[in-house]
Structure formats: structure tokens, C-alpha cells
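Asker: Residue numbers for the sequence shown follow the working numbering, so the first one is 8 and each next one is one higher.
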Amino acid sequence: MAFTQYLRINGTDIPLPTSYDLSLSDVEADSSGDTEAGTKQRDLVRSGMAEISVTFQVSPDWLKKFSAMRKLPKLSVEFFNTETMVPETREMFMDGFKSSLVHDTGKKGLWKVSFDLKEY
Numbered sequence: 008m009a010f011t012q013y014l015r016i017n018g019t020d021i022p023l024p025t026s027y028d029l030s031l032s033d034v035e036a037d038s039s040g041d042t043e044a045g046t047k048q049r050d051l052v053r054s055g056m057a058e059i060s061v062t063f064q065v066s067p068d069w070l071k072k073f074s075a076m077r078k079l080p081k082l083s084v085e086f087f088n089t090e091t092m093v094p095e096t097r098e099m100f101m102d103g104f105k106s107s108l109v110h111d112t113g114k115k116g117l118w119k120v121s122f123d124l125k126e127y
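(1) Unbroken alpha helix (DSSP H) runs of length 4 or more, entirely within the stretch 35 to 99: which are they?
(2) Going by DSSP, what residues sit across from TYR27 in a beta bridge?
(3) Please list, in chain order, all residues of the same chain as ASN88 whose beta carbon is under 6 Å from its beta carbon, the five residues on each side excluded.
(4) Rounding to the nearest angstrom, what Cα-Cα distance links THR46 and GLN12 in this structure?
(5) Taking C-alpha atoms, which residue in MET56, PRO80, SER54 and SER66 lies nearest to LEU23?
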């Protein structure tokens, strides 16, 4: 049984995450809000903006790769869209990068890495 490729960043297949959380949100214009009649008015500027929160357990080599990606201003991210159940590509940036040592293996350790990918 083949695993789903959840993420590909700048053409690189990313290891299977231990957690993958996709949220799709809308951006409303300033004209949105409550009307004088007390009803809600939504003027959407953009719909379905993606934000992906992921966590991995990785080797030191992957920790270095993720650290390098974090410094890039734009990433081409192909992600598994849980709404459509197909891969989709969007321009994103990495935010909230965190790494912590899980286990000292004697070979620079096993690392827990987590971050958010946010769409521009």
C-alpha cells in the first residue's frame, strides 16, 4: 500500500508527517459586517486561503533542510487538499518553525519539527 504524498516543497518530496492539519479560510472586505437591519453581510475578497500545520519526526539532515526552507521568502507548496482530496499547488511561506530533540541516537539525534505553511 502506497502512502499519500501530503507535501512537496519546491519540488522536493517531504517525509510523511506525524500530524497534518489543513485549514481553509476566507478574507472579507472592510464592507463586511452587520447591516442596519441586523443581518450579516459578507463581501469576500478571497476564498479558501490555505494554512497547513505540520509536525514531523526527522533526522538531522531533514532538520537542516527544513531550516533552510524556513529562510526562503516564497515556497511553491504542493499539498494534499482535504476538501477536494487531490493535490494542489500554491505559493506559501513558513512560519512558527520549532524544533526539539526527541531522542539522542548518538548520530545527532531524532528531531521533532513543526511549522505552519501560510498562503500568500
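For every residue, glycine included, the Cβ atom is placed at its ideal position computed from N, Cα and C.
Predicted model only: the values in this text are computed from it and were never measured.
Answerer: This is what the structure gives:
(1) Complete alpha helix (DSSP H) runs here, min 4: 67 to 77.
(2) Sequence index remark: in the sequence shown, residue 27 carries index 20 (1-based). VAL61, per the DSSP bridge assignment.
(3) Taking the first residue of the sequence shown as position 1, residue 88 is located at position 81. Same-chain partners within the cutoff: GLU95.
(4) Walking along the sequence shown from the start, residue 46 turns up at place 39. Walking along the sequence shown from the start, residue 12 turns up at place 5. Approximately 43 Å between the Cα atoms of the pair.
(5) Sequence index remark: in the sequence shown, residue 23 carries index 16 (1-based). Considering only alpha carbons, the answer is SER66.
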